[in-house]
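Asker:
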Amino acid sequence: MQLNVSGHHVDVTNPLREYVQSKFERLQRHFDQITNTEVTLVVEKLVQKAEATIHISGADIFAAAESEDMYAAIDALADKLDRQLIKHKEKARGH
């Protein structure tokens, strides 16, 4: 899986990048057909946003999460994507 992490009004530091990678490795375990993931971290005044698009065979999955803390936003984003991937996987299996 190729993971692109970019920042908008925020410097993407190594610890932040590693945190995103560790969270997205969990998604890889649930669904192994992920080809490319683009994560954008955004800071707008007091709101920290994390957005991601996951490209998988046959679909693109998008999610966004906001929080006052960037790490909390990344956690919420990973949880949302996890649920969407599981749903997609079940739909693909015909359940």
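Everything in the sequence shown is counted per numbering that gives the first Met the number 0, starting at 0 for the first residue and increasing by one. Glycine included, each C-beta is placed from N, C-alpha and C at the ideal position.
With residue 29 as the anchor, note down where its alpha helix (DSSP H) starts and where it stops.
Answerer: In the sequence shown, counting from the first residue as 1, residue 29 sits at position 30. Taken as a continuous stretch (DSSP letters only), the alpha helix (DSSP H) holding residue 29 covers 13-29.
Asker: Ends of the alpha helix (DSSP H) at residue 100?
Answerer: Because the chain here runs from 0 to 94, residue 100 falls outside it and cannot be looked at.
Asker: For residue 8, which of helix, strand or coil comes out of DSSP?
Answerer: Walking along the sequence shown from the start, residue 8 turns up at place 9. Residue 8: coil per DSSP, three-state reduction.
Asker: With a cut-off of 8 Å on the beta carbons, I'd call residue 19 and residue 38 a contact; round off their distance for me.
Answerer: For the purposes of this step, residue 19 is identified with residue 20 of the sequence shown, where counting begins at 1. For the purposes of this step, residue 38 is identified with residue 39 of the sequence shown, where counting begins at 1. Right, the Cβ-Cβ distance comes to about 6 Å (below 8 Å), so this counts as a contact.
Asker: Which residue wins for smallest C-alpha separation from residue 170, given the options 70, 92, 86, 78?
Answerer: As displayed, the chain neither begins before 0 nor continues past 94, which places residue 170 out of reach and without an answer.
Asker: Looking at the secondary structure, which residues open and close the beta strand (DSSP E) in which residue 40 lies?
Answerer: For the purposes of this step, residue 40 is taken as residue 41 along the sequence shown, with counting starting at 1. Taken as a continuous stretch (DSSP letters only), the beta strand (DSSP E) holding residue 40 covers 33-43.
Asker: For residue 49 versus residue 84, is the C-beta distance shorter than 7 Å?
Answerer: Sequence index remark: in the sequence shown, residue 49 carries index 50 (1-based). Sequence index remark: in the sequence shown, residue 84 carries index 85 (1-based). In this structure, residue 84 does not lie closer than 7 Å to residue 49 by Cβ.
Asker: State yes or no: is the C-beta of residue 24 nearer than 6 Å to some heavy atom of the ligand NAD?
Answerer: The ligand content of the structure shown is nil, which means the ligand NAD is not present either.
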